Every structure is written in C-alpha cells, then in structure tokens.
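>
Residue numbers (the UniProt record's numbering): 1 to 57.
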C-alpha cells in the first residue's frame with residue numbers, strides 16, 4: 001500500500017527537523033517518519049496513542 005505522508009504547515013519548506021505523518025493507514029494506525037531520510041522505515045503508532053500524544057503538545 002502507498003501511504004500519503006504530510007508535514008505540518010508549521011514546519012515550513014526549509015525546516016529540516018520535521019516528521020511526516022500518514023494517516024491513510026489501515027487498522028486504526030498512523031505512520032510517522034523522519035522527513036530528512038524518507039527511505040528509512042516509518043513507525044506505526046495506534047491512532048488513539050497518536051491522538052493522545054498530539055493533544056499533549
């Protein structure tokens with residue numbers, strides 16, 4: 001399956017310290033990867049866990 005990754009609009013185009021998130025993932029999951037090296041494997045995180053993490057930021 002092909003995932004569509006996106007960066008936060010707060011990241012801007014020149015910020016190198018970003019993560020990318022794909023939420024078009026089956027099984028109630030979110031995939032997170034390093035935007036500096038998109039060839040490395042992405043982490044798979046449960047959607048509820050991801051939601052809890054993001055709301056605590």
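The C-beta atom is built at its ideal place from N, Cα and C for all residues, glycine as well. Since the structure is predicted, the reported quantities are computational estimates derived from the model, not experimental observations.
1. Helix, strand or coil: which one does DSSP assign to residue 31?
2. Assuming residue 17 and residue 32 make a contact with CB atoms under 8 Å, what is their CB distance in whole Å?
3. Which residues mark the beginning and the end of the beta strand (DSSP E) in which residue 23 is found?
4. When burial is assigned at 16 or more other CB atoms within 10 Å of the CB, is residue 30 buried or exposed?
5. Count the other CB atoms, across all protein chains shown, that sit within 10 Å of the CB of residue 54; report buried if there are 16 or more and exposed otherwise.
Inspection of the coordinates gives the following:
1. Looking at residue 31 - three-state DSSP - the assignment turns out to be strand.
2. Going by Cβ atoms, the distance from residue 17 to residue 32 rounds to 14 Å, so no, they are not a contact pair.
3. Segment 19 to 25, the beta strand (DSSP E) holding residue 23.
4. Burial state of residue 30 is buried, judged by a 10 Å Cβ sphere holding 16 or more other Cβ atoms.
5. By the neighbour-count definition (other C-beta atoms within 10 Å, threshold 16), residue 54 is an exposed residue.
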